[in-house]
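**Student:** Before I ask anything, let me first share the structure, which is written out below as structure tokens.
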Amino acid sequence: MGKENSAVNWKRVLILAGAVIAFTIGSGFATGQEIIQYFTAYGWKSLLVILVFAVAFLYYNFNFAKAGAEERFEHGNDVYKYYCGKYIGTFYDYYSTIFCYMSFWVMIGGAASTLHQEYGLPNWAGAVILTVVAVITVVGGLNSLVDAIGVVGPIIVVLCIFIGLVTCIKDGAHIGEGLEIIRTGAYAGAADGETIKNAGANWLISGLSYAGFVLLWFASFTAALGSKNKKKDLNYGIVGGTVAVCVAIALISFGQIANINTPLEGGSTYVWNADIPNLILAMKIWKPFSAIFAIVVFAGIYTTAVPLLYNPVSRFAKEGTSKFRILTIVLAVVGLLVGLFLPFRTLVNVIYVLNGYIGAILILFMLKKNITDYLAKKKN
Numbered sequence: 180m181g182k183e184n185s186a187v188n189w190k191r192v193l194i195l196a197g198a199v200i201a202f203t204i205g206s207g208f209a210t211g212q213e214i215i216q217y218f219t220a221y222g223w224k225s226l227l228v229i230l231v232f233a234v235a236f237l238y239y240n241f242n243f244a245k246a247g248a249e250e251r252f253e254h255g256n257d258v259y260k261y262y263c264g265k266y267i268g269t270f271y272d273y274y275s276t277i278f279c280y281m282s283f284w285v286m287i288g289g290a291a292s293t294l295h296q297e298y299g300l301p302n303w304a305g306a307v308i309l310t311v312v313a314v315i316t317v318v319g320g321l322n323s324l325v326d327a328i329g330v331v332g333p334i335i336v337v338l339c340i341f342i343g344l345v346t347c348i349k350d351g352a353h354i355g356e357g358l359e360i361i362r363t364g365a366y367a368g369a370a371d372g373e374t375i376k377n378a379g380a381n382w383l384i385s386g387l388s389y390a391g392f393v394l395l396w397f398a399s400f401t402a403a404l405g406s407k408n409k410k411k412d413l414n415y416g417i418v419g420g421t422v423a424v425c426v427a428i429a430l431i432s433f434g435q436i437a438n439i440n441t442p443l444e445g446g447s448t449y450v451w452n453a454d455i456p457n458l459i460l461a462m463k464i465w466k467p468f469s470a471i472f473a474i475v476v477f478a479g480i481y482t483t484a485v486p487l488l489y490n491p492v493s494r495f496a497k498e499g500t501s502k503f504r505i506l507t508i509v510l511a512v513v514g515l516l517v518g519l520f521l522p523f524r525t526l527v528n529v530i531y532v533l534n535g536y537i538g539a540i541l542i543l544f545m546l547k548k549n550i551t552d553y554l555a556k557k558k559n
């Protein structure tokens, strides 16, 4: 009891908030591709998507942290059985492990596209670099993982907020024009029938899908953090991370809306159909800045790729063993091959969106358990 009533460790709060930010901001977020599909594509209703995401994100992360602290799960993925029972929980256990690994493929694709679009490097270069540094970090274990991504995360979100803020200030007058382009589908350079990719039929489905796919990343991760940190520190970290991410989403989304038909220099690629739309925004602010931001985007991809690779490896091998190291290398190499041969925009649209619906269903099981536990407690 005294542990929970002790003073908040603000340094730890910042690191935990940084870890939450870094885990959320992966290739899809930092590149802007995720924001285009889940938020920008809905025009002003992107604000409603953000609201749905924020409420769901806070709800399930507080739940995962509480469950991890109280139950002290042997494996983070045991949180699924806690909420869904033995059989459905086992399904989610294995499914989330597979999804995390599939999301690692998306990170590989994002790393390849980022260095190719900004520096003209062959796709394999960015993919190989990411694979190597991810393997080195995962082999180091969970503690080194949290420390690494907790430091990098705040830097990335600050720069993302900076790009969104400067773009909104400079191009704010064009937001209304951009909203009209999205409403009418008047995208520059679009072939017959071609339009912006979106994550769902409407803003509510998009918000639930976004919260759902991020949920599958965070379940075991937050449950594990809950068992190793003070509840108060972790809860403050979750709130701080959520606010920072939502502010970044809003600014970048409206920055993209204002520039929806802004082209990449010397080509027929625009913000609405670019693999890395945020690099176009960065280049518009100051051309050399885009070269710097590409490195930041790559760092954002790295901070998410590492936990996504760690999750499936730790599910089947004990950290620190030879089996753990070998499985890390094998899964990383397979992910490298898949990520290189599937288009990045397609990876984001198919893997994230479909799996988001599976994650959203889990929220219903969590609500059911919370309500059942509350009624039982009240009755007693």
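Here the sequence shown is numbered in the numbering used here, starting from 180 and rising by one per residue. We treat Cβ as the ideally placed atom computed from N, Cα and C, and that holds for glycine.
Going along the chain, which residues of its own chain have a beta-carbon closer than 7 Å to the beta-carbon of A233, five neighbours each way excluded?
**Tutor:** T421 and C425
**Student:** Excluding five sequence neighbours on each side, which residues of the same chain lie with their C-beta closer than 8 Å to the C-beta of Y298?
**Tutor:** For Y298, where only same-chain residues beyond five positions count, the Cβ hits under 8 Å are A470 and A473.
**Student:** Within a Cβ cutoff of 7 Å, which residues of the same chain sit near S225, ignoring the five residues on either side of it in sequence?
**Tutor:** F218, T219 and S432
**Student:** Report yes if the C-beta distance between I204 and A427 is below 9 Å; otherwise report no.
**Tutor:** yes
**Student:** Using a beta-carbon distance below 9 Å, is G372 in contact with chain D?
**Tutor:** The displayed structure is made up of one protein chain only, and chain D is not part of it.
**Student:** Cutting at 6 Å between CB atoms, please list the residues of its own chain near Y262, excluding the five before and the five after it.
**Tutor:** F544, M545 and K548
**Student:** Among residues of its own chain, excluding the 5 on either side of A484, which ones have a beta-carbon nearer than 8 Å to its beta-carbon?
**Tutor:** G205, S206, F283, M286, I287, A290, L309 and A313
**Student:** Near A461, which residues of its chain fall below 6 Å by C-beta distance, leaving aside the five closest residues on each side in sequence?
**Tutor:** I342, F468, S469 and F472
**Student:** Indicate the three-state DSSP secondary structure (helix, strand or coil) for P442 in the structure shown.
**Tutor:** strand
**Student:** From K349 to I214, what does the alpha carbon distance come to, in whole angstroms?
**Tutor:** 20 Å
**Student:** For the candidate residues L294, A246, Y221 and A201, whose alpha-carbon lies nearest to that of A402?
**Tutor:** A246
**Student:** If we count the other Cβ atoms within 10 Å of its Cβ and call it buried at 16 or more, is F270 buried or exposed?
**Tutor:** It is exposed - the Cβ of F270 has fewer than 16 other Cβ atoms within 10 Å.
**Student:** How about F392 and N490: are their beta carbons less than 9 Å apart?
**Tutor:** no
**Student:** Got a sec? Which residues, its chain only, sit under 6 Å from G434 by beta carbon, not counting five neighbours each side?
**Tutor:** G343, T346, C347 and L460
**Student:** From this set, V476, G351, Y259 and K407, which residue's C-alpha is nearest N438's C-alpha?
**Tutor:** Nearest of V476, G351, Y259 and K407 to N438, Cα basis: G351.
**Student:** How close, in whole Å, do the beta carbons of C339 and A244 come, if the pair is a contact with beta carbons under 8 Å?
**Tutor:** Wrong, their Cβ atoms sit about 25 Å apart, outside the cutoff.
**Student:** Excluding the five sequence neighbours on either side, which residues of its own chain have a C-beta within less than 6 Å of the C-beta of N256, listed in chain order?
**Tutor:** D272 and S399
**Student:** Of the residues L404, F520, I229 and I530, which one's Cα is nearest the Cα of E249?
**Tutor:** L404
**Student:** Could you check what DSSP says for Y449 in three-state terms: helix, strand or coil?
**Tutor:** strand
**Student:** Under a Cβ-count criterion, where at least 16 other Cβ atoms within 10 Å of its own Cβ denotes burial, should T293 be classed as buried or exposed?
**Tutor:** buried
**Student:** Looking at the structure shown, is A262 part of a helix, part of a strand, or coil, going by DSSP?
**Tutor:** A small correction: the amino acid at residue 262 is Tyr; Ala does not occupy that position in the sequence shown. Three-state DSSP puts Y262 in a helix.
**Student:** In terms of alpha-carbon separation, which member of D412, F477 and V311 lies closest to S185?
**Tutor:** Measuring from the Cα of S185, the nearest candidate turns out to be D412.
**Student:** Kindly list the residues whose CB is nearer than 8 Å to the CB of F252, restricted to its own chain and excluding five residues on each side of it in sequence; keep chain order.
**Tutor:** A246, V258, Y261, A402, A403 and S406
**Student:** Could you have a look at P467 and say whether DSSP puts it in helix, strand or coil?
**Tutor:** P467: helix per DSSP, three-state reduction.
**Student:** At which residues does the alpha helix (DSSP H) containing I431 begin and terminate?
**Tutor:** Where I431 is concerned, the enclosing alpha helix (DSSP H) stretches over K410 to A437.
**Student:** Excluding sequence positions up to five away, which residues of its chain have a Cβ less than 6 Å from the Cβ of A423?
**Tutor:** I200 and V336
**Student:** Is the Cβ-Cβ distance between V307 and Y481 less than 9 Å?
**Tutor:** Their beta carbons are not under 9 Å apart, which means V307 does not touch Y481 by this criterion.
**Student:** Using only the alpha-carbon positions, how far apart do M180 and K409 sit?
**Tutor:** Low per-residue confidence applies at M180: pLDDT is 42, beneath 50, and the placement is therefore not dependable enough to give any value.
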